[in-house]
Amino acid sequence: MAAPVGGPRDRGPGPGAARRAVLPRPPQSRWVPDVLRARDGPDDGARRRRSPAPGRPRPVRRHRASGAVLARRAAGLPLQARPGRRDRGGQPERRHAEGDVLTADRATALARIGLGLAGLLNAAEGWTLLTRIADGRLALPVTDAAPPVQTWSVAVLTGAAMLAALAVVLGWRTRAAALVLAGTDVLVLLWDQQTYSSHRLLSTILLVLLAFAGSDRTWAVRRSEAEPPPWPRLLMMSQLSVCYLFAALSKLNTTFLTGAPLHAWLRWDLPVLLTFAMAIGAVLTELFIAVALWSRRFRPLAVALGVLLHVSIVVGLADQTWPLVAFALTCVPLYGLFLTEASGRYAPRHAASPGMIRTGA
Numbered sequence: 001m002a003a004p005v006g007g008p009r010d011r012g013p014g015p016g017a018a019r020r021a022v023l024p025r026p027p028q029s030r031w032v033p034d035v036l037r038a039r040d041g042p043d044d045g046a047r048r049r050r051s052p053a054p055g056r057p058r059p060v061r062r063h064r065a066s067g068a069v070l071a072r073r074a075a076g077l078p079l080q081a082r083p084g085r086r087d088r089g090g091q092p093e094r095r096h097a098e099g100d101v102l103t104a105d106r107a108t109a110l111a112r113i114g115l116g117l118a119g120l121l122n123a124a125e126g127w128t129l130l131t132r133i134a135d136g137r138l139a140l141p142v143t144d145a146a147p148p149v150q151t152w153s154v155a156v157l158t159g160a161a162m163l164a165a166l167a168v169v170l171g172w173r174t175r176a177a178a179l180v181l182a183g184t185d186v187l188v189l190l191w192d193q194q195t196y197s198s199h200r201l202l203s204t205i206l207l208v209l210l211a212f213a214g215s216d217r218t219w220a221v222r223r224s225e226a227e228p229p230p231w232p233r234l235l236m237m238s239q240l241s242v243c244y245l246f247a248a249l250s251k252l253n254t255t256f257l258t259g260a261p262l263h264a265w266l267r268w269d270l271p272v273l274l275t276f277a278m279a280i281g282a283v284l285t286e287l288f289i290a291v292a293l294w295s296r297r298f299r300p301l302a303v304a305l306g307v308l309l310h311v312s313i314v315v316g317l318a319d320q321t322w323p324l325v326a327f328a329l330t331c332v333p334l335y336g337l338f339l340t341e342a343s344g345r346y347a348p349r350h351a352a353s354p355g356m357i358r359t360g361a
């Protein structure tokens with residue numbers, strides 16, 4: 001007799017196969033989970049033996065987590081930082097509401113509102129200076145081609161600047177309004193040398209960049225759905241950092257570091273040693289802000305120091321209060337552009353908008 005060619009599976013069903021197919025399954029116990037009820041297999045009895053008795057809590061399963069998971073869990077960060085299997089279209093799940101984070105669109109809108117408010121104050125300052133020149137004060141035109149300063153022309157220019165600044169604040173036709181406001185600032189700067197101020201020049205540059213930054217995508221009366229390029233926001237951040245750096249470098253001279261200018265500018269008569277320490281602290285603070293705004297680790301401290309610096313300038317200096325307020329409104333709202341970094345504390349990756357700017361190390 002020849003040996004069978006196939007293995008045990010090729011010999012066909014055994015004698016008990018028909019009996020197993022005909023006989024019904026034994027009734028399931030009511031405490032067996034529904035997941036196990038839907039599964040058929042030879043180990044049903046083993047599954048039932050592993051299931052807990054009625055009223056008895058299921059033992060807690062302990063899993064070992066990696067160091068990165070434990071670190072993110074301790075910091076309160078989401079465990080899924082990259083697109084997972086359940087994500088659709090390559091986009092990560094949004095487990096947090098967008099209202100809980102500062103997105104790039106909202107940060108740009110905040111910068112728009114600050115620049116618009118600063119534009120209102122700059123227009124009022126320009127009105128004050130130009131009307132004095134129109135009333136007979138010594139005029140110092142930038143070029144010989146500049147027209148004479150007259151009251152009616154100053155009123156027209158100031159009215160256009162205030163209307164454009166209000167439109168920027170409200171977000172109504174933001175691009176055109178920002179360009180008009182920047183144009184009025186340029187005319188004021190070129191009309192007379194006495195109207196020059198560093199905060200007006202900084203505001204003019206930022207308004208031109210704001211016109212292309214898509215700041216009217218949210219918090220605006222007339223919203224835009226177009227996706228803005230990232231370069232205007234990046235240039236606005238760079239301009240703010242350069243402003244602090246230049247302010248610190250311009251103070252590195254023996255006259256300022258002695259504290260004598262601060263002693264003359266402050267509202268209070270402070271000791272010379274204290275004004276000397278304040279001068280050194282101002283230079284170090286501005287240098288730190290210029291660099292630390294780009295660092296993820298030191299960014300919160302830089303923002304806090306920047307706010308305190310501008311508040312101390314407005315409160316401490318005796319003269320030029322409203323221009324200093326305009327300077328603070330120009331700089332401080334731009335901090336939000338740095339806080340859109342996907343560091344988990346401000347804007348997690350899964351809640352970041354498509355226009356998110358990620359900078360820093």
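Numbering (UniProt numbering), first residue to last: 1 to 361. Just so you know, even glycine gets a beta-carbon here, dropped at the ideal spot from N, CA and C.
Buried versus exposed, by CB contacts within 10 Å (16 or more), residue i
i    : result
N122 : buried
R297 : exposed
L140 : exposed
D135 : exposed
V169 : buried
S198 : exposed
G159 : exposed
L308 : exposed
P148 : exposed
L120 : buried
A226 : exposed
L249 : exposed
P323 : buried
T285 : buried
R88  : With a pLDDT of only 43 at R88, under 50, the local geometry of the prediction cannot be trusted, and the value read off the model is given with reservation. Classification for R88: exposed.
V32  : Confidence at V32 is low in this model, with a pLDDT of 49, below 50, so its placement is unreliable and the value that follows should be read with caution. Looking at its Cβ environment, which holds fewer than 16 other Cβ atoms inside 10 Å, V32 is exposed.
Option in the options with minimal Cα separation from residue i
i           : options                : result
R222        : H199, R173, T258, V283 : R173
L334        : L130, A182, L206, V186 : L206
A279        : A160, D192, G316       : G316
V283        : T258, A124, D269, D105 : T258
L252        : G281, L187, S295, A304 : G281
L240        : L273, A260, V303, I133 : V303
D260        : L249, S250, L273       : With the sequence shown as reference, residue 260 is identified as Ala, and Asp is not the correct amino acid for it. It is L273.
I133        : L110, W268, Q193       : Q193
F256        : L270, A277, L110, D269 : A277
residue 384 : L129, S224, P229, A155 : What the structure shows of the chain is the stretch from 1 to 361, and residue 384 is not part of that stretch, so it cannot be assessed.
Pair within 8 Å by beta-carbon distance, residue i and residue j
i    : j    : result
T195 : G126 : yes
A178 : L210 : yes
T131 : T108 : no
F338 : L293 : yes
L262 : T275 : yes
W191 : A145 : no
G171 : A124 : no
T218 : R106 : yes
M237 : A213 : no
A104 : R233 : yes
Presumed contact (8 Å Cβ cut-off) between residue i and residue j, rounded CB distance
i    : j    : result
D185 : R200 : 6 Å
G306 : L102 : The Cβ separation is near 16 Å, so there is no contact.
V208 : A182 : 5 Å
V311 : T321 : Wrong, their Cβ atoms sit about 12 Å apart, outside the cutoff.
L202 : T330 : 6 Å
R318 : W265 : In the sequence under discussion, the amino acid at residue 318 is Ala, which differs from the Arg named in the question. The pair is a contact, with the Cβ atoms about 6 Å apart (cut-off 8 Å).
L157 : L187 : 6 Å
Taking contact to mean 3 or more Cβ pairs, one atom from each stretch, closer than 8 Å, check whether the stretch 162-171 and the stretch 106-125 are in contact.
yes
Assess contact between the stretch 241-249 and the stretch 284-291, defined as three or more Cβ pairs (one per stretch) separated by less than 8 Å. Is contact present?
yes
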